[in-house]
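To keep things clear, I will list the structure first and then write my remarks on it.
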Amino acid sequence: VKCLDQGADDYISKPFGLMEFISRIRAVLRRAQKQSAQAVQTFREIQMDAAARRVTVDGKEVELAYKEYELLCALLEADGRVLTRDTLLSTIWGYDFDGDPRTVDVHIRRLRQKLGEAGSCIETVKGIGYKIGG
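Below, the structure is given as structure tokens:
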């Protein structure tokens, strides 16, 4: 849990099957390719440079953990559409994530804190999920 909170992308507990291992590698590669496709995304004072994997708010760099960065990326790519918790879990944590859906809420809260005032642009859609807007 500590490693995931500090930015680890995934983990595999032993014993694991070869097909599971290959599927997890493919999932990471898909996310990496999708991420490299976008150059710089901007929403108000938030600027996200995918090539440098850097987020700035009003020109000041913000240090984000891996999952926080992925959440922000997903929200920016959704361009104002609501993303459900389940969608975020499957996209960012993987289809076979067995944890609590409230994990998304915890990471969103941390993301908002790190973004400061700019974090208010992440809106909660009660009972459904999150979107960027406001």
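Start counting the sequence shown at 255; every next residue gets the next number (my numbering). Note that CB positions come from ideal geometry on N, CA and C, so glycine has one too. Quick caveat, the model's predicted, so the values are computed rather than measured.
DSSP beta-bridge partners for Gln301? Paired residue(s): Thr296, Thr310.
Short of 7 Å in beta carbon distance, which residues of its chain neighbour Ile362, apart from the five on each side in sequence? Order them along the chain. Exclusion of the five residues before and after Ile362 leaves Leu325, Ile376, Tyr384 as the residues of its chain whose Cβ lies within less than 7 Å of its Cβ.
Tell me the rounded alpha-carbon separation between Leu365 and Asp354. Rounded to the nearest whole angstrom, the C-alpha separation of Leu365 and Asp354 is 18 Å.
Going along the chain, which residues of its own chain have a beta-carbon closer than 8 Å to the beta-carbon of Glu322, five neighbours each way excluded? Same-chain partners within the cutoff: His361, Arg364, Leu365, Lys368.
Three-way DSSP call (helix, strand, coil) for Glu377 in this model: Correct three-state label for Glu377: strand.
Threshold first: 4 residues or longer. Then list the alpha helix (DSSP H) segments lying entirely within the segment 313-352, N to C. Unbroken alpha helix (DSSP H) runs of no fewer than 4 residues, entirely contained in the segment 313-352, are found at 320-332, 339-342, following chain order.
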